[in-house]
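Below is one structure, written out as structure tokens; the observations come after it.
Chains as they are written, first to last, in my numbering: chain G, 592 to 742; chain P, 592 to 742.
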């Protein structure tokens with residue numbers, strides 16, 4: 592009983608905090624992307640295409656939470672800009688998979704390094720213990736979010 | 592020396608984790624907004640307009656990290672939909688401030704309650720101590736992010 596009370600009283604504060612942190616991450620991300628030839632949604636898609644290897648458009652559309660048609664348009668643009676290519680699945684030629692090209696991988700590598708630099712600066716005053724605890728709690732949080740979003 | 596090493600080795604993991612959590616929050620937020628007559632950028636703007644009271648377009652544009660012209664369009668649409676209105680500053684009639692209308696406040700209240708419900712579900716398995724520690728660490732993180740983004 593006490594457990595539930597304590598938690599629920601923190602939820603509104605945590606919701607707001609996470610909403611604002613997401614906003615700040617988005618802003619810093621947008622600032623970094625200004626120097627690269629991709630938009631925010633393209634960055635998010637490309638990052639999943641590299642992380643997960645051989646995604647279909649349907650799988651990618653689930654990952655980024657956009658409609659199938661919007662995801663198709665996004666991949667069209669990435670392909671046109673030489674960042675990814677479509678490849679027929681070797682086992683089932685009707686299935687098309689998206690694979691990253693060198694240029695796409697190079698851009699993501701650079702952008703993520705810049706994002707890590709930013710986070711490194713943000714966390715400069717964190718002790719190693721604080722960083723570790725934050726990492727553990729966020730891991731737990733993300734696991735639950737994934738479970739809920741996917742069901 | 593040890594402190595810096597421990598931290599920096601966690602930064603790539605934390606950057607990825609926070610990127611994915613932001614994505615999951617965005618997805619769940621988008622899903623909630625499907626039942627309301629506002630888009631994601633409109634929700635973000637409206638939420639700041641309510642939280643901060645009497646913002647100018649310039650101030651709002653800084654908060655949401657979008658260009659002045661994009662922010663003006665956004666406010667136009669919110670005004671057209673009866674969610675906010677523009678008001679001349681009493682002390683300086685040349686300054687226009689954005690104030691929320693009842694309908695706008697009611698929508699944000701409902702959407703934020705739904706977001707809190709979602710987070711409550713995500714954090715069901717967190718102990719009160721874990722929730723508190725997470726809140727403290729995120730508070731620290733956000734403070735730093737704000738400092739860096741605003742400078």
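Glycine included, each C-beta is placed from N, C-alpha and C at the ideal position.
Query	Result
Listing by chain order, which chain P residues have their CB less than 7 Å from the CB of residue 612(G)?	729, 732, 733, 736
For a minimum of 3 consecutive residues, which ranges assigned as the beta strand (DSSP E) are wholly contained in the stretch 629 to 659 of chain P?	none
Return the CA-CA distance between residue 622(P) and residue 630(P), expressed in angstroms with no decimal places.	11 Å
Quick test of the definition: if touching needs 3 or more C-beta pairs under 8 Å, does the stretch 716 to 729 of chain G touch the stretch 677 to 696 of chain G?	no
Give a yes or no on contact between the stretch 701 to 711 of chain P and the stretch 658 to 678 of chain P, applying the rule of three or more CB pairs nearer than 8 Å.	no
Checking 8 Å against the spacing of the C-beta atoms, do residue 652(G) and residue 617(P) come in under that value?	no
For residue 664(G), return the contacting residues in chain P, with the cut-off set at a CB-CB distance below 7 Å.	Within chain P, no residue comes near residue 664(G); the closest Cβ sits about 17 Å away, beyond 7 Å.
Roughly how many whole angstroms lie between the Cα atoms of residue 662(P) and residue 648(P)?	7 Å
Three-state secondary structure (DSSP) at residue 692(G)?	coil
May I ask you to report which of helix, strand or coil DSSP gives residue 729(P)?	helix
What are the boundary residues of the beta strand (DSSP E) that includes residue 742(G)?	Note, residue 742(G): premise wrong, no beta strand (DSSP E); not H, not E.
Please report the straight-line C-alpha distance between residue 713(G) and residue 605(P), rounded to a whole angstrom.	12 Å
For residue 640(G), which residues in the same chain have their Cβ closer than 7 Å to its Cβ, ignoring the five residues on either side in sequence?	646, 651, 675, 689, 691
If I follow the unbroken beta strand (DSSP E) through residue 677(P), where does it start and stop?	675 to 679
Give the straight-line distance between the Cα atoms of residue 615(G) and residue 684(G), rounded to the nearest whole angstrom.	43 Å
So what does DSSP say about residue 666(G), is it helix, strand or coil?	helix
What does the alpha-carbon distance come out to for the pair residue 682(G) and residue 644(G)?	16 Å
DSSP state of residue 687(G), grouped into three classes?	strand
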